[in-house]
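J.: Residue numbers (our numbering), protein chains in the order written: chain E, 1000 to 1446; chain X, 7 to 283.
Even glycine gets a Cβ: it sits at the ideal position worked out from N, Cα and C.
Bear in mind that the values here come from a model prediction, so they are computed numbers and not experimental data.
#1: Just to confirm the assignment: which complete alpha helix (DSSP H) runs, minimum length 4, are found wholly within the segment 1195-1282 of chain E?
#2: Take residue 1182 of chain E and list the residues in its own chain whose beta-carbon comes closer than 7 Å to its own, dropping the five residues that flank it on each side.
#3: For the candidate residues X/13, X/240, X/125 and X/104, whose alpha-carbon lies nearest to that of residue 1079 of chain E?
#4: I need the DSSP call for residue 1293 of chain E, collapsed to helix, strand or coil.
#5: How do the segment 1318-1331 of chain E and the segment 1424-1431 of chain E stand: do at least 3 beta-carbon pairs fall below 8 Å, yes or no?
#6: With 9 Å as the threshold, decide whether the Cβ of residue 18 of chain X is near any Cβ in chain E.
#7: Is it the case that the segment 1222-1233 of chain E contacts the segment 1195-1202 of chain E, given that we only count it when at least three CB pairs across the two stretches are under 8 Å?
#8: Identify the contact partners of residue 1426 of chain E in chain X, using a Cβ-Cβ distance below 7 Å as the criterion.
#9: In chain X, what lies closer than 9 Å to residue 1260 of chain E by C-beta?
#10: Report the rounded CA-to-CA distance for residue 1303 of chain E versus residue 1185 of chain E, giving the unit in angstroms.
#11: In chain E, which residues lie with their C-beta within 9 Å of the C-beta of residue 103 of chain X?
#12: Could you have a look at residue 1331 of chain E and say whether DSSP puts it in helix, strand or coil?
#13: So that I know if they touch, is there some Cβ in chain X lying closer than 9 Å to that of residue 1404 of chain E?
#14: Using the C-alpha atoms, what's the distance from residue 1402 of chain E back to residue 253 of chain X?
#15: Helix, strand or coil, according to DSSP, for residue 1187 of chain E in the structure here?
#16: For chain X, check one thing: does any of its Cβ atoms lie closer than 9 Å to the Cβ of residue 1347 of chain E?
#17: Rounded to whole angstroms, what's the CA-CA distance from residue 90 of chain X to residue 137 of chain X? Just pull it up for me.
#18: What in chain E is Cβ-close to residue 129 of chain X, meaning under 9 Å?
#19: Answer yes or no: does any C-beta atom of chain X fall closer than 9 Å to that of residue 1263 of chain E?
#20: Just the C-alpha distance for residue 1466 of chain E and residue 55 of chain X, rounded to the nearest angstrom, thanks.
#21: Would residue 1133 of chain E be called buried (16 or more neighbouring beta carbons within 10 Å of its own) or exposed?
#22: Opposite residue 175 of chain X in the DSSP bridges: which residues?
#23: I want to verify the contact list: residues of chain X whose CB lies under 7 Å from the CB of residue 1191 of chain E, in sequence order.
#24: Between which two residues does the beta strand (DSSP E) containing residue 1343 of chain E stretch?
#25: Can you tell me the Cα-Cα spacing of residue 233 of chain X and residue 109 of chain X, whole angstroms?
#26: Going along chain E, which residues have a C-beta under 9 Å from residue 226 of chain X?
#27: May I ask you to report which of helix, strand or coil DSSP gives residue 244 of chain X?
#28: Is the Cβ-Cβ distance between residue 1169 of chain E and residue 1192 of chain E less than 9 Å?
#29: Just grab the DSSP bridge partners of residue 158 of chain X for me.
#30: Provide the residue(s) that pair with residue 1306 of chain E in DSSP beta bridges, ordered along the chain.
#31: On the three-state DSSP scale, how would you describe residue 96 of chain X?
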């Protein structure tokens, strides 16, 4: 997830009591009930606006007072089914992947937070937008198979919507063009754990997925389903991939672009596992005869470029990396094939970097969109179409649209909001651990 | 927020610990086989003050960490090699572990949580597996155990209510173990060359929407509990808001138990002062 370490203070107030449906509610009902409750309850949602600090201080006091009062009065609920005294739940979507379909004149984004797919008109949003934009389609619910979702794509020729789950679900889901609501995917494909990006190869009628831990990308037939195997993969020490995320297939020039964060483990340290199980340890694979010299390492974040026909342990044609490049935790990548430019969602420093398509080595970007006026915050997805750049923010409840040649600290042409202006995001992406900083009274959440 | 390539964090971090004595944050990076340590007030793209990584360190997929502030040691659970590694608290670079617990007698499998009790000199590890004979529960070792040693006690079985678990926390003041019993279902591992070989094409694998039993936060005692015993206290149910809690910690001073939930993508705090008396 942008994955990072999030520190949250006690910034919400009061006793929260969720109203769940009577009887035996399904998870869907619970989810929807909680989402609506969070959205409608001003004293529930932590994702506030500019008054956070003052409110947080007040709430800390209230919480401490409530705790003390409960102790003194002996009114603490000692039963198991007790409501939380505080919760950090973001009731609004958080944009992640983005894809622009020019044929259908629409833009689709994945929503990691509320676990949905959102489709808007391509020209949605405005420069002064303060309220959420209504999507023309939203796919969400237990039948969808959408969970900790990341990359998205639209195949306009076959009228299909693609989305890949990065974690937990370990599956790619495909919907009909007009799917909405709690729609069952027309097909699903089980994919390697930690698949993140997706790219369509229209010439070969294939799809490619980047996969974090094994440092690889895998290629499936477009219509692959269930337990179908990849038709090929690119993996191995010569590939230069290290914790890959974004992926883009340039049909025009027959190349694959991959964004790498830089966390690297050699194959010898990689064992097959999922979010749920480690079936294999190194001992099982090698009978305790494994080398102890294998080690992990940190390499510089990069964008690597491959021949689209590559397979196996193929070296990249080109690599962009180094201090001059400013590449820092690159997430989505996109190529403007008509104008020969590469766009990188540079999550680490809240920017969009633009390079010549054929750039290689430690080179400066030709343009950088960055600064307070841009509104870029935790960019995850980037797409380029019709002389516009689309940016999916994870650190804010927005997607931003810039002119293709935008540079510097410039305001976006349009803002597509998924929450009222000023609402903060939780920043959570599938939180699996927590620690308490007793010195600062802060909760530490890695993502 | 701490993020960016200079932090040497990854987007996959399933453990974290805070050292109040030295005001430091410890986090594993499984993708780079490393443990990174930050100053407590770190922010932005700040580099760690120390990094444990390298061949001598023995790290292959560190998943979970704990710090023993009394004895100045860092404990790491590494399911990649199914072992626990113990380092000096100030270890840096390609440091050798002081001790390693590993081997068939240990019952260590998919290690997902670790906690240390310097008062009672105990080490608690949460582990799970579908392997035949594998333990899904808590393994309790002596704090200074090393090598292929049997755990002193094992807390596991149907009465525990645990079908799958994740992070654990331990309050040395009381010896209480807080357990995040996520309890969702398994997916079989993915072999890229033979995905889910042997499974029927008609099989529907579980998802978080269609999963196992309801998760909970359970509390056991590290000194007295042994075998198939139910939790002494539990946080579970519709009012709690949690469905599949993946982590747990506590604020003993204010009597609070804190748990993130992966389904809701949220963080929940419960008032349970009786657990800290």
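T.: Put simply:
#1: none
#2: Apart from the 5 residues on each side of it in sequence, residue 1182 of chain E sits with its Cβ closer than 7 Å to the Cβ of 1138, 1142, 1143 and 1174 in its chain, given in chain order.
#3: X/240
#4: coil
#5: no
#6: yes
#7: Taking 8 Å as the limit for Cβ pairs, the verdict is that the segment 1222-1233 of chain E does not touch the segment 1195-1202 of chain E.
#8: 7
#9: 11, 16, 17 and 37
#10: 33 Å
#11: Here the premise fails: no neighbours, minimum Cβ distance about 12 Å.
#12: In this structure, residue 1331 of chain E counts as strand in the three-state DSSP scheme.
#13: no
#14: 43 Å
#15: strand
#16: yes
#17: 19 Å
#18: Here the premise fails: no neighbours, minimum Cβ distance about 18 Å.
#19: yes
#20: Lying before the first or after the last residue shown, residue 1466 of chain E is absent from chain E, which here runs from 1000 to 1446.
#21: exposed
#22: X/184
#23: 196 and 198
#24: 1340-1345
#25: 21 Å
#26: Residues of chain E passing the Cβ test: none, with the nearest at roughly 15 Å.
#27: helix
#28: Yes. Within cutoff.
#29: Paired residue(s): none; residue 158 of chain X is not in a bridge.
#30: According to DSSP, residue 1306 of chain E bridges with E/1254.
#31: coil
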